[in-house]
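Below is one structure, written out as structure tokens, with a few remarks after it.
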Amino acid sequence: MKRRDFNKALAILGSTLTVPPLLTKKGLISPAGATVSARAYAEARAVVAGEVDYAVPAKLPTVINVFMYGGPSELAGNLSNIADINANSQNKYPADMLRATTNNNGQITKNNFWAAAGGTIMETMIAAQQMTLYRTVNRIVDDSKAHRTSIFSTQIGGLNEEMPGMGTTLAAILRAKHPDYQDVDNPPLLPFVSMEGETVMYNIGDISLPLPLRPVSLDNNFNNPYKRIRQTALNTTSNCGANLTDNCDQLLDTLAKNTSATFAEKYSKVVDAFNKRSELDLFVRQNLGEGGASITARVPNNAEFTGSFGNNLKAAVLLAMSNPDTALITLSTGGLGGWDNHDNAITGYAARMQNLMSNLQAAMNMLAQPTNTLTDANGNVIVNSSPARNDVIINCWGEFGRNVNLNASMGWDHGNNMNLYTFGGNGLGGRQLGKLVGKTERIGTSGQNRQFTSPTGDSYQFEPMCIASSLYSYFGVLNPERMSANEDTRAPAGFGAINEGAASEFVP
Numbered sequence: 005m006k007r008r009d010f011n012k013a014l015a016i017l018g019s020t021l022t023v024p025p026l027l028t029k030k031g032l033i034s035p036a037g038a039t040v041s042a043r044a045y046a047e048a049r050a051v052v053a054g055e056v057d058y059a060v061p062a063k064l065p066t067v068i069n070v071f072m073y074g075g076p077s078e079l080a081g082n083l084s085n086i087a088d089i090n091a092n093s094q095n096k097y098p099a100d101m102l103r104a105t106t107n108n109n110g111q112i113t114k115n116n117f118w119a120a121a122g123g124t125i126m127e128t129m130i131a132a133q134q135m136t137l138y139r140t141v142n143r144i145v146d147d148s149k150a151h152r153t154s155i156f157s158t159q160i161g162g163l164n165e166e167m168p169g170m171g172t173t174l175a176a177i178l179r180a181k182h183p184d185y186q187d188v189d190n191p192p193l194l195p196f197v198s199m200e201g202e203t204v205m206y207n208i209g210d211i212s213l214p215l216p217l218r219p220v221s222l223d224n225n226f227n228n229p230y231k232r233i234r235q236t237a238l239n240t241t242s243n244c245g246a247n248l249t250d251n252c253d254q255l256l257d258t259l260a261k262n263t264s265a266t267f268a269e270k271y272s273k274v275v276d277a278f279n280k281r282s283e284l285d286l287f288v289r290q291n292l293g294e295g296g297a298s299i300t301a302r303v304p305n306n307a308e309f310t311g312s313f314g315n316n317l318k319a320a321v322l323l324a325m326s327n328p329d330t331a332l333i334t335l336s337t338g339g340l341g342g343w344d345n346h347d348n349a350i351t352g353y354a355a356r357m358q359n360l361m362s363n364l365q366a367a368m369n370m371l372a373q374p375t376n377t378l379t380d381a382n383g384n385v386i387v388n389s390s391p392a393r394n395d396v397i398i399n400c401w402g403e404f405g406r407n408v409n410l411n412a413s414m415g416w417d418h419g420n421n422m423n424l425y426t427f428g429g430n431g432l433g434g435r436q437l438g439k440l441v442g443k444t445e446r447i448g449t450s451g452q453n454r455q456f457t458s459p460t461g462d463s464y465q466f467e468p469m470c471i472a473s474s475l476y477s478y479f480g481v482l483n484p485e486r487m488s489a490n491e492d493t494r495a496p497a498g499f500g501a502i503n504e505g506a507a508s509e510f511v512p
């Protein structure tokens, strides 16, 4: 079955599950606008059932995807070849990058991390089994090293830019397969969230989703997307009373419900939307604290987030801890600077990686500690308590890697091999943290601008598109490679999930 046909089947299924009464009336409306018969609906459901092998997991995780736009270098997590690289590079690396940390303040840590580029922090998290680092995310199929192409392929998990993003595909699969996502009357709260605005991870492609499963965009202050902005004649003291917020909400709710009551049968979804808005508004205010009021109070002392990226990550972790319904949160490393390091790379890159890893360590520390209920002076609950979470996975990666030689501008041009940093989720079956997976060797002609690393012949490696397949597998998909199968010869079998049991380069 072709990928496009499969997407359309998911689209029919995803849209029709939201309007079951229409099945017995005038037929179904597909995303393309064509009328779809009940038989076609049944066939679509059968197609999805046959194409996606699924088992409801014992526990649904929350996944935070952190994307490093611009193509980050692998060197923060891989100085294992630095002596050979330096001997063959166009320009020489600083002397301290060629020495161990135990020898005259060198930069090479025990496991060949770059100390000043977050390496010391990575050593701590590896030892604490909070993190695994994969060094050989190696793109072979359609290896263009172009930003747009690579961003799309790594965030949709396939080779065709018209495919839906991994978040949209996950939503459609859960809608089709998981009972919690099939309850039309009680859909999950904020299951898919972007903290970076519009993102390829939520590309629609051929899939249409019901409103509760579409992504919601939040900022790091949790400005409430469900709070009404009153710019009408109602927004006056005479109409709403002294307390404009509460009384205007009540007035608008009453007006909306009374107005739609006459048409309740015909416009039942509209009535439901009003009710759902109130529910989500209350959820954001009580669990997240609109305007960031609750964030500082809920952060433990050993979780020291810094900078705008840190604030975004802190907000994402707070959302994950507050709301088990949230399945996927996406954010970028905005605020750290870009990763397109073609010139003068070393100092800026090291500082960004140090900041990144420091904030990720703070995230892991925060997830490890429960938070208490917060109340206002009148005893009203402002923020509900949250337990520690060992079912939150944080994945961090980019669209491609970099060359490892220093070019004529003392930077790194586009390359291939890159790292995947994955954290947390050790309460989920199959997670194996505390590992360093993948061995590399330098490839290229000495002195030229094409020095790069490649997996050794005996090393485990995988395509970047496998990261999307791993996401689907976290949520119960048994054959996630089906989501990325391509009908041409480039990837007819698709890209499977990462093998978390792959051999480590070292024994921790």
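When the letters of the sequence shown are read in order and numbered with my numbering, they come out as residues 5 to 512.
For every residue, glycine included, the Cβ atom is placed at its ideal position computed from N, Cα and C.
First and last residue of the uninterrupted beta strand (DSSP E) at residue i
i, result
"asparagine 423", "422-428"
"serine 198", "196-198"
"asparagine 69", "66-72"
"isoleucine 112", "It is not in any beta strand (DSSP E) - isoleucine 112 carries neither H nor E in the DSSP assignment."
"isoleucine 397", "396-402"
"arginine 139", "135-141"
"isoleucine 333", "332-336"
Residue burial classification, residue i (beta-carbon count within 10 angstroms, cutoff 16)
i, result
"aspartate 187", "exposed"
"aspartate 417", "buried"
"methionine 159", "According to the sequence displayed, residue 159 carries glutamine and not methionine. Counting Cβ neighbours within 10 Å, glutamine 159 comes out buried, since at least 16 surround it."
"leucine 215", "exposed"
"alanine 59", "exposed"
"serine 157", "buried"
"threonine 493", "exposed"
"alanine 501", "buried"
"glutamate 4", "A query on residue 4 cannot be resolved here, the shown segment of the chain reaching from 5 to 512 and no further."
"glycine 383", "exposed"
"serine 312", "exposed"
"lysine 30", "Any reading at lysine 30 is ruled out, since the residue's pLDDT is 28, under 50, leaving its predicted position unreliable."
"leucine 317", "buried"
"asparagine 421", "buried"
"phenylalanine 479", "buried"
"serine 1", "In the structure as shown, the chain begins at 5 and stops at 512. Residue 1 is therefore absent and cannot be evaluated."
"alanine 62", "exposed"
"lysine 96", "exposed"
"glutamate 200", "buried"
"phenylalanine 309", "buried"
"glutamine 111", "buried"
"leucine 174", "buried"
"valine 56", "buried"
"isoleucine 89", "buried"
"alanine 319", "buried"
"leucine 163", "buried"
"glutamate 445", "exposed"
"asparagine 324", "For the sequence presented, residue 324 should be read as alanine rather than asparagine. So alanine 324 ends up on the buried side."
"glycine 415", "buried"
"proline 496", "exposed"
Residue i CB to nearest heavy atom of the ligand NAP below 7 Å
i, result
"proline 61", "As for the ligand NAP, it is missing from this structure, which has no ligand bound."
8 Å contact criterion, which residue i and residue j should meet: CB distance rounded
i, j, result
"valine 441", "tyrosine 464", "6 Å"
"valine 321", "leucine 378", "Rounded, the Cβ-Cβ distance is 17 Å, inconsistent with contact."
"alanine 331", "phenylalanine 196", "6 Å"
"alanine 87", "leucine 64", "Not confirmed; about 46 Å, so no contact."
"serine 77", "asparagine 345", "6 Å"
"valine 141", "phenylalanine 466", "6 Å"
"serine 84", "asparagine 116", "4 Å"
"asparagine 109", "aspartate 100", "6 Å"
Unbroken alpha helix (DSSP H) run spanning residue i, endpoints
i, result
"threonine 1", "Any property of residue 1 remains undetermined from this structure, which presents the chain solely from 5 to 512."
"leucine 322", "311-326"
"methionine 361", "350-371"
"isoleucine 86", "86-92"
Pick out the complete alpha helix (DSSP H) segments inside the segment 413-491, 4 residues or longer, and give them in chain order.
470-478
Extract the residue ranges of the alpha helix (DSSP H) inside the segment 157-216, only unbroken runs of 4 or more that lie entirely within it.
Within the segment 157-216, the runs of alpha helix (DSSP H) at least 4 residues long that lie entirely inside it are, in chain order, 170-181.
Can you find at least 3 beta carbon pairs, one from the segment 72-81 and one from the segment 385-394, that sit closer than 8 Å?
no
Can you confirm whether the segment 392-412 touches the segment 146-156 when touching is taken to mean that 3 or more C-beta pairs between the two stretches lie within less than 8 Å?
yes
Take every Cβ of the segment 177-191, pair it with every Cβ of the segment 423-441, and state whether three or more of those distances are shorter than 8 Å.
These segments do not touch.
Does the segment 132-148 come close enough to the segment 432-452 to have 3 or more Cβ pairs within less than 8 Å?
yes
If contact is defined by three or more beta carbon pairs under 8 Å, each pair taking one atom from either stretch, is the segment 357-365 in contact with the segment 118-128?
yes
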